[in-house]
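Written below as structure tokens is the structure these notes are about.
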């Protein structure tokens with residue numbers, strides 16, 4: 003039961019970045035996104051992966067690895083815009 | 003050691019929403035944010051709080067409670083804009 007709740011939470015917080023990446027992809031725009039938010043978030047998610055390895059918890063590793071990929075995609079759009087400005 | 007890494011990760015993923023909320027506050031603009039992202043994220047974070055209670059893990063409860071407050075603030079700006087449009 004606890005594991006199911008944890009898994010559901012992990013899936014939600016992971017897939018949530020997908021619509022944002024899709025939106026950036028479609029509009030090519032990321033002006034209202036906070037660069038600081040996504041940089042700190044990516045750092046945090048990368049640290050969760052380290053934590054997953056330390057705890058040998060495969061769920062934490064996989065969920066955060068997927069999140070990190072999506073976040074790096076969003077950061078790409080944000081940084082591209084940053085350079086244009 | 004493991005706990006320190008986990009705490010650092012939790013602090014990062016929690017405080018990351020703060021600059022985004024500050025940015026929305028200052029600009030009053032949230033057009034490039036994905037409503038779906040923040041709705042799913044808030045649902046996920048709320049589920050993490052439930053998980054924290056099930057596991058009786060005070061760190062999970064506090065970190066996610068703070069995140070949820072910040073996310074609700076961001077959602078307020080996003081929904082306000084949604085209604086205007």
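Residue numbers (my numbering), protein chains in the order written: chain D, 3 to 87; chain E, 3 to 87. Each residue gets a CB set at the ideal place from its N, CA and C atoms; glycine is no exception. Keep in mind that this is a model prediction, so the values were computed, not measured.
Assign residue 58 of chain D to one of three DSSP states: helix, strand, or coil.
Against the first chain, residue 58 of chain D aligns to sequence position 56. Residue 58 of chain D: coil per DSSP, three-state reduction.
Measure the beta-carbon distance from residue 52 of chain D to residue 61 of chain E and round it to whole angstroms, keeping in mind my assumption that it falls under 8 Å.
One-based indexing of the first chain puts residue 52 of chain D at position 50. One-based indexing of the second chain puts residue 61 of chain E at position 59. Not a contact, Cβ separation roughly 17 Å.
Rounded to whole angstroms, how far is the Cβ of residue 72 of chain D from the Cβ of residue 23 of chain D, which I believe are closer than 8 Å?
For the purposes of this step, residue 72 of chain D is identified with residue 70 of the first chain, where counting begins at 1. For the purposes of this step, residue 23 of chain D is identified with residue 21 of the first chain, where counting begins at 1. That pair is a contact at about 5 Å.
Whose C-alpha, out of E/10, E/67, E/9, is nearest the C-alpha of residue 43 of chain E?
For the purposes of this step, residue 43 of chain E is taken as residue 41 along the second chain, with counting starting at 1. Ranking the options by Cα distance to residue 43 of chain E, first place goes to E/67.
Terminal residues of the alpha helix (DSSP H) in which residue 8 of chain D lies
Sequence index remark: in the first chain, residue 8 of chain D carries index 6 (1-based). Looking at the DSSP string, the run of the alpha helix (DSSP H) that includes residue 8 of chain D is 4-17.
Quick one, are the C-beta atoms of residue 46 of chain E and residue 18 of chain D less than 9 Å apart?
Mapped onto the second chain, residue 46 of chain E falls at position 44. Mapped onto the first chain, residue 18 of chain D falls at position 16. Yes; because the gap between Cβ atoms is below 9 Å, this pair is in contact.
Return helix, strand or coil for residue 69 of chain E, following the three-state DSSP convention.
Along the second chain, one-based indexing puts residue 69 of chain E at 67. The answer is helix: DSSP assigns residue 69 of chain E an H, G or I state.
So, for residue 74 of chain D: in the same chain, excluding its five sequence neighbours on each side, which residues have a beta-carbon less than 8 Å away from its beta-carbon?
Indexing the first chain from 1 puts residue 74 of chain D at position 72. If we look at residue 74 of chain D and ignore the five residues flanking it on each side, its Cβ neighbours are 44.
Under 9 Å, Cβ to Cβ, is there at least one residue of chain D near residue 19 of chain E?
Mapped onto the second chain, residue 19 of chain E falls at position 17. Yes, because at least one Cβ of chain D sits closer than 9 Å to the Cβ of residue 19 of chain E.
Compare the C-beta of residue 7 of chain E with all C-beta atoms of chain D and state if any pair is closer than 9 Å.
Here residue 7 of chain E refers to the residue found at position 5 when the second chain is read from its first residue. Yes, residue 7 of chain E counts as interfacial toward chain D.
Nearest by alpha-carbon distance to residue 78 of chain E: which of E/14, E/65, E/41 is it?
What you label residue 78 of chain E is simply residue 76 of the second chain in a count that begins at 1. Here the closest residue by C-alpha is E/41.
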